[in-house]
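Residue numbers (the working numbering), protein chains in the order written: chain A, 1 to 97; chain B, 1001 to 1355.
Beta carbons are placed, not taken as given, at the ideal position from N, Cα and C, and that holds for glycine.
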Ligand SMILES: [Fe+2]
Ligand SMILES: [Fe+2]
């Protein structure tokens, strides 16, 4: 590929499927700028009314938690079961707790 | 709802294609919440951790460790799949300007646009494995990566557009539904999105054929002629018979592939027989008959020597398809250059304002 053809930046696409739901990652695409990224995302990811709102984010601007999708980074949360309501015994007969 | 995490169950009928895709989507989510059975931690032994994730039917994600051969196999398979979607726009694209009504033209445009979209989903999935889109496009243009042999056959009549939807998209679906359960996350998710769109493709093709088959005698003959020409090339889409298929066993062990070429081909034949009956068209195989013992149809295998010739470049349209793609890519260069120049100009303007 010639120099002028070199890839335009990669964008990650997030779509809000319906009012009230969070934006969800649906995939990625290439586009020279944000405006075109939005238009391309509309044409590529919402051809069948899959969304009411789109975010595009330059992939290069995303900082991820750890080199692998593995568990060590989240270990501190693993031994704190008392953060969950299910940790506690509720005496029989108590209502509204 | 298509390809997002909130697909409404009421959209997915219990059986059939959409049901299978919905089941794959549900399995993906169920596996994600499952605890793995006390395998090694991620820091202990990368290879064992990888095996453990595959074993639990969970997904490998882009930044996980993976064997180099797994990465290479996926890049080759996903790229070839993406190229097929892009080249696959040509045989049907030939008929957009000649569709018999405005309704058929609008449907065909939407279908061909979907195929472009499938190509883009798949290139994006391949890119998560560390190749660039430009590299992959160049590999196709240089003839160093292949696309599906089926798109090297010509579309001679309007009925061919119907047969492509019914048989070619139909065969693609049989191949692709199991890929919704592939062990590589981005590929599996792209395939879920693709399969939901494919069911429209198959139905529109079937409808075209049904209309022709119940039209005038000439129209019915045109439909039959198209079925006669496309039947065996469609059977060949599943690849060489299991005995000759390289890499198959390893891909199965990695859960990239779930069924063998021959199993998928058999499934396709079994589906088509009844659909052809309802069309009132004949599948061009005198030896096609129900085998009570196997509970499946016996059928004549496609000519695999022909398949090999077409793959190696000697099909009826190979040159035309590649020339067209190279020309389209070259003639689109100014658009890419202009868009990049415009983006650069705007970002300089913004910097000037900020300064
Ligand atoms: Fe497709
Ligand atoms: Fe299709």
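Within 8 Å of the C-beta of residue 1088 of chain B there is at least one heavy atom belonging to ligand 1. Taken from the Cβ of residue 1092 of chain B, every heavy atom of ligand 1 lies 8 Å or farther away. The beta carbon of residue 1188 of chain B sits closer than 8 Å to the beta carbons of 1024, 1028, 1059, 1179, 1180, 1181, 1182 from its chain, once the five residues preceding and following it are set aside; these are given in chain order. Within the chosen limit of 8 Å, ligand 2 does not reach the beta carbon of residue 1083 of chain B with any heavy atom.
Taking 9 Å as the cut-off, the Cβ atoms of residue 1078 of chain B and residue 1126 of chain B count as close. Looking at the DSSP output, residue 1238 of chain B sits in no beta bridge, so it has no partner there. Going by C-alpha positions, residue 1228 of chain B is about 10 Å away from residue 1160 of chain B.
Shown in chain order are the members of the segment 20-43 of chain A whose Cβ falls below 7 Å from a Cβ of chain B: 21, 24, 26, 27, 28, 29, 30, 32, 33, 36. Around the Cβ of residue 1294 of chain B, a 10 Å sphere holds fewer than 16 other Cβ atoms; the residue is exposed. With contacts defined as CB atoms closer than 9 Å, residue 1170 of chain B and residue 1317 of chain B fail to qualify as a contacting pair. One alpha carbon belongs to residue 1095 of chain B, the other to residue 1172 of chain B, and they sit about 21 Å apart.
The beta-carbon distance between residue 53 of chain A and residue 23 of chain A, rounded to whole angstroms, is 7 Å. This is short enough to meet the 8 Å contact definition. Assigned with DSSP and collapsed to three states, residue 1290 of chain B falls in strand. Residue contact check for residue 77 of chain A against chain B: no CB pair falls below 9 Å.
For residue 41 of chain A, the CB stays at least 8 Å from every heavy atom of ligand 1. Residue state for residue 1256 of chain B is assigned as coil, using DSSP reduced to three classes.
Secondary structure note for residue 1178 of chain B: it is in no alpha helix (DSSP H), with a DSSP letter that is neither H nor E.
In this structure, residue 1105 of chain B has its CB at a distance of at least 8 Å from all heavy atoms of ligand 2. Here the C-alpha atom of residue 1280 of chain B lies approximately 8 Å from the C-alpha atom of residue 1210 of chain B. In the three-state reduction of the DSSP assignment, residue 1156 of chain B falls in the coil class. By the C-beta criterion, the segment 1110-1130 of chain B is judged to be in contact with the segment 1067-1081 of chain B, since at least 3 inter-stretch pairs fall below 8 Å. In the three-state DSSP reduction, residue 1297 of chain B falls in the strand class (E or B).
The C-alpha of residue 14 of chain A lies about 29 Å from the C-alpha of residue 1174 of chain B. Contact with chain A is absent for residue 1070 of chain B, since none of that chain's Cβ atoms lies less than 9 Å from the residue's Cβ.
Here the distance from the Cβ of residue 1021 of chain B to the nearest heavy atom of ligand 1 is not below 8 Å. Listed in chain order, the positions of the segment 1129-1153 of chain B with a beta carbon within less than 7 Å of a beta carbon of chain A are 1132, 1133, 1134, 1138. Residue side-chain check: residue 1115 of chain B places its Cβ nearer than 8 Å to a non-hydrogen atom of ligand 2. In the three-state DSSP reduction, residue 53 of chain A falls in the strand class (E or B). In the DSSP assignment, residue 58 of chain A forms a beta bridge with A:11. The alpha-carbon separation between residue 1344 of chain B and residue 1074 of chain B amounts to approximately 35 Å. With at least 16 other beta carbons inside 10 angstroms of its own, residue 1089 of chain B counts as buried. At least one heavy atom of ligand 2 sits closer than 8 Å to the Cβ of residue 1172 of chain B. Contacts between residue 1120 of chain B and chain A, judged by CB atoms closer than 8 Å, involve 29, 44 in chain order.
One finds nothing in chain A with a Cβ atom closer than 8 Å to the Cβ of residue 1076 of chain B; even the nearest lies about 20 Å away.
Under a criterion of Cβ atoms nearer than 7 Å, the residues of chain A adjacent to residue 1346 of chain B are, in order, 33.
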